[in-house]
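What follows is a set of notes on a single structure, which appears directly below.
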Amino acid sequence: MGPLIPLDIIPDTWNNVIAVAIGIAFGFIMEGSGFSSSRKIVGLFYGYDFTVLKVFFTAAVTSAIGLLYFGYFGWLDLSLIYIHPTYLTAAIVGGLVMGIGFVSGGYCPGTSLIGAGIGRIDGMVFTVGLMLGIFFFSETFTWLEGMYEGTGFFAGDFLGYITITEYFNISPNIFIVGFTIVAVAAFYFTNLIRKRVKPVNY
Numbered sequence: 003m004g005p006l007i008p009l010d011i012i013p014d015t016w017n018n019v020i021a022v023a024i025g026i027a028f029g030f031i032m033e034g035s036g037f038s039s040s041r042k043i044v045g046l047f048y049g050y051d052f053t054v055l056k057v058f059f060t061a062a063v064t065s066a067i068g069l070l071y072f073g074y075f076g077w078l079d080l081s082l083i084y085i086h087p088t089y090l091t092a093a094i095v096g097g098l099v100m101g102i103g104f105v106s107g108g109y110c111p112g113t114s115l116i117g118a119g120i121g122r123i124d125g126m127v128f129t130v131g132l133m134l135g136i137f138f139f140s141e142t143f144t145w146l147e148g149m150y151e152g153t154g155f156f157a158g159d160f161l162g163y164i165t166i167t168e169y170f171n172i173s174p175n176i177f178i179v180g181f182t183i184v185a186v187a188a189f190y191f192t193n194l195i196r197k198r199v200k201p202v203n204y
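Under the numbering used here, the first residue of the sequence shown carries the number 3, and numbering increases by one thereafter.
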């Protein structure tokens, strides 16, 4: 992670202070948006609240368009952005574990900490489960190492440092236009569904 503010404006030591301030602001906004409520978060899967879908779509579309424009104007070298490597089996298994935990508990790791931070018991329980999961993973890592690192039986799972546009050989501009259209359509249809569903108290 690079400096949050250029070093010729403030000393490098202030970056940690700024990072904490941004983290507090982020948590405040998330809590104010209702993301400390497991009912609101899991509402996406049960069809009565689509705030999570809208937030994720908005974040993805905004950041994608922003990065393209930053690259176009020369403000950012897109070739220097780190691309996380793709390990197919690990991604599928991790997605299933995350998804099952998300649906059953109503929290993701970040929102569980927000819930715990304001005193929600379910958030505290979920956070304890998160810590136990980390401990279990570390203790069984020798068994899971092949899948995690794409070696041995899972050697063919490593797809490299690749993006969706590279994998399907399409233009990033076309992909983002299509993705934006999908997001707008999702907003429209989820609003129609929300009007027909009985509101849920949080």
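We treat Cβ as the ideally placed atom computed from N, Cα and C, and that holds for glycine.
Nearest neighbour of residue i, chosen from the options [CA to CA]
{"i": "Ile176", "options": "Leu194, Phe160, Leu70 and Gly119", "result": "Leu70"}
{"i": "Thr165", "options": "Met32, Leu146 and Ala66", "result": "Ala66"}
{"i": "Arg198", "options": "Phe37, Phe52 and Phe30", "result": "Phe52"}
{"i": "Val179", "options": "Val63, Pro13, Met32 and Gly36", "result": "Val63"}
{"i": "Ser114", "options": "Gly121, Gly101, Ile120 and Phe128", "result": "Phe128"}
{"i": "Gly158", "options": "Ala92, Leu134, Thr192 and Leu194", "result": "Ala92"}
{"i": "Phe47", "options": "Gly36, Glu33, Ser106 and Ser38", "result": "Ser106"}
{"i": "Tyr150", "options": "Tyr89, Tyr50, Gly68 and Gly49", "result": "Tyr89"}
{"i": "Lys56", "options": "Asn203, Thr192 and Gly112", "result": "Thr192"}
{"i": "Gly119", "options": "Thr15, Ile26 and Ile20", "result": "Ile26"}
{"i": "Asn2", "options": "Phe137, Tyr169, Gly45 and Thr15", "result": "Since the first and last residues shown for the chain are 3 and 204, residue 2 lies out of range."}
{"i": "Thr167", "options": "Phe181, Phe155, Phe156 and Val22", "result": "Phe181"}
{"i": "Gly121", "options": "Ser38, Phe138 and Phe30", "result": "Ser38"}
Rounded separation between residue i and residue j - CA only
{"i": "Phe117", "j": "Phe160", "result": "The question names Phe, but residue 117 is Gly in the sequence shown. Distance between the alpha carbons of Gly117 and Phe160 is about 36 Å."}
{"i": "Arg196", "j": "Phe59", "result": "17 Å"}
{"i": "Ile123", "j": "Gly103", "result": "16 Å"}
{"i": "Met126", "j": "Gly76", "result": "45 Å"}
{"i": "Met3", "j": "Tyr163", "result": "Here Met3 scores only 46 on pLDDT, less than 50, and its place in the model is too uncertain to base an answer on."}
{"i": "Ser142", "j": "Phe72", "result": "Ser is not the amino acid found at residue 142; the sequence shown has Thr there. Distance between the alpha carbons of Thr142 and Phe72 is about 42 Å."}
{"i": "Asn18", "j": "Phe28", "result": "15 Å"}
{"i": "Gly96", "j": "Ile83", "result": "23 Å"}
{"i": "His86", "j": "Met32", "result": "25 Å"}
{"i": "Val130", "j": "Tyr74", "result": "45 Å"}
{"i": "Cys110", "j": "Ser40", "result": "9 Å"}
{"i": "Met133", "j": "Val99", "result": "14 Å"}
{"i": "Asp2", "j": "Val22", "result": "Here the chain comprises residues numbered 3 to 204, so residue 2 is not present and cannot be evaluated."}
{"i": "Gly68", "j": "Ser35", "result": "23 Å"}
{"i": "Ile183", "j": "Ala61", "result": "14 Å"}
DSSP bridge partner residues for residue i (one or two, in chain order)
{"i": "Gly162", "result": "Thr88"}
Residue i, buried or exposed, once every other Cβ within 10 Å from all chains shown has been counted against 16
{"i": "Lys200", "result": "exposed"}
{"i": "Gly108", "result": "buried"}
{"i": "Ile43", "result": "buried"}
is_contact[residue i, chain B] using C-beta, thresh 8 Å
{"i": "Val184", "result": "Among the chains of the structure shown, chain B does not appear; only one protein chain is present."}
Residue i beta carbon near the ligand FMN (any heavy atom closer than 7 Å)
{"i": "Leu115", "result": "The ligand FMN is not part of this structure, which contains no ligands at all."}
Q. Which runs of the alpha helix (DSSP H), 4 residues or longer, sit entirely within the segment 87-158?
A. Listed in chain order, the complete alpha helix (DSSP H) runs (minimum 4 residues) inside the segment 87-158 are 90-107, 111-119, 123-141 and 143-151.
Q. Considering only residues of the segment 167-198, which uninterrupted alpha helix (DSSP H) runs meet the minimum length of 4 residues and lie entirely inside it, listed in chain order?
A. Annotation: the segment 167-198 contains the following complete segments of the alpha helix (DSSP H) (minimum length 4 residues), in chain order: 174-198.
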